[in-house]
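In the numbering used here, the protein residues as written are 2 to 278.
Structure below.
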């Protein structure tokens, strides 16, 4: 508005000149000039007020621009922090995924260990049960040993080589395939015992009771069977070579393909070895 002042003055001067040309009565012009002066003053006041308002607005704008610059800087910093946090979050997610995978693997391992623990617990229970059975057997065998009573026991395939079993009760015992090489069975009670396939080489069977014993395929070579009882015993495919059967009771003994003490075969001796001792 300050730039318009010279133009207003020029208008006033031109008006005054025109007034002089028109006539000598200038009262209206003076009034107009006065009005214009008043208006000009008011305009100047308005302009001044506007200038103050503009200055204030410019200061406000400057403050806002400064704030905007600060906010932009803060936004840039926050964006950097955001990007950093996103990168950390990505790393954390990778770590979380790895941790989850590890936890799942550990869960599988734990499940496997629980299964093994259950199997071991079951095995322990079975072993404890077996131990009780074995302890009972030990107790039984201790009693049998004390009383020398092994009747009706299962000793099949047992290694009793050189064992001291004199006067032992082995009636009805299963001694099939047992190893009794050089065992002392003198006076033993072997009534109805199963000695099929047993190794009785050089065994001492003096006075032993072998009535109704099963001796199929047994090896009695070199055994001492003097005064032994062999009534109704089954001597099939038995090797008696070199055995001592002096005084033995061979009544109703069953012979078949048996090698007699003198090396002959019972089949060639009338199905008996009674005369070929």
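Here a beta-carbon is modelled for each residue, glycine too, at the ideal position from N, C-alpha and C.
Residue of the options minimising C-alpha distance to residue i
{"i": "residue 179", "options": "207, 215 and 104", "result": "215"}
{"i": "residue 191", "options": "38, 149 and 222", "result": "149"}
{"i": "residue 164", "options": "201, 153, 90 and 184", "result": "184"}
{"i": "residue 154", "options": "69, 195, 116 and 131", "result": "195"}
{"i": "residue 174", "options": "43, 61 and 158", "result": "158"}
{"i": "residue 235", "options": "200, 247, 223 and 193", "result": "193"}
{"i": "residue 205", "options": "188, 218, 62 and 217", "result": "188"}
{"i": "residue 233", "options": "217, 245, 227 and 251", "result": "251"}
{"i": "residue 210", "options": "42, 127, 249 and 81", "result": "249"}
{"i": "residue 170", "options": "152, 51 and 104", "result": "152"}
{"i": "residue 237", "options": "107, 218, 88 and 111", "result": "218"}
{"i": "residue 253", "options": "28, 212 and 45", "result": "212"}
Status (buried if at least 16 other CB within 10 Å, exposed otherwise) for residue i
{"i": "residue 239", "result": "buried"}
{"i": "residue 256", "result": "buried"}
{"i": "residue 197", "result": "buried"}
{"i": "residue 121", "result": "exposed"}
{"i": "residue 116", "result": "exposed"}
{"i": "residue 202", "result": "buried"}
{"i": "residue 208", "result": "buried"}
{"i": "residue 241", "result": "buried"}
{"i": "residue 259", "result": "buried"}
{"i": "residue 58", "result": "exposed"}
{"i": "residue 176", "result": "buried"}
{"i": "residue 124", "result": "exposed"}
{"i": "residue 267", "result": "buried"}
{"i": "residue 263", "result": "exposed"}
{"i": "residue 230", "result": "buried"}
{"i": "residue 144", "result": "Reliability fails at residue 144, whose pLDDT of 48 lies under 50, so the model's placement of it is uncertain and no value is given."}
{"i": "residue 277", "result": "buried"}
Identified DSSP bridge partners for residue i
{"i": "residue 236", "result": "256"}
{"i": "residue 165", "result": "185"}
{"i": "residue 217", "result": "Per DSSP, none; premise fails for residue 217."}
{"i": "residue 190", "result": "170 and 210"}
{"i": "residue 266", "result": "260"}
{"i": "residue 200", "result": "180 and 220"}
{"i": "residue 230", "result": "210 and 250"}
{"i": "residue 36", "result": "DSSP, once it has assigned bridges, lists no residue as partnering residue 36."}
{"i": "residue 195", "result": "175 and 215"}
{"i": "residue 155", "result": "175"}
{"i": "residue 272", "result": "Residue 272 pairs with nothing; no bridge assigned."}
Length-filtered (3 minimum) beta strand (DSSP E) runs lying within the stretch 61-136 = The stretch 61-136 contains no whole beta strand (DSSP E) run of 3 or more residues.
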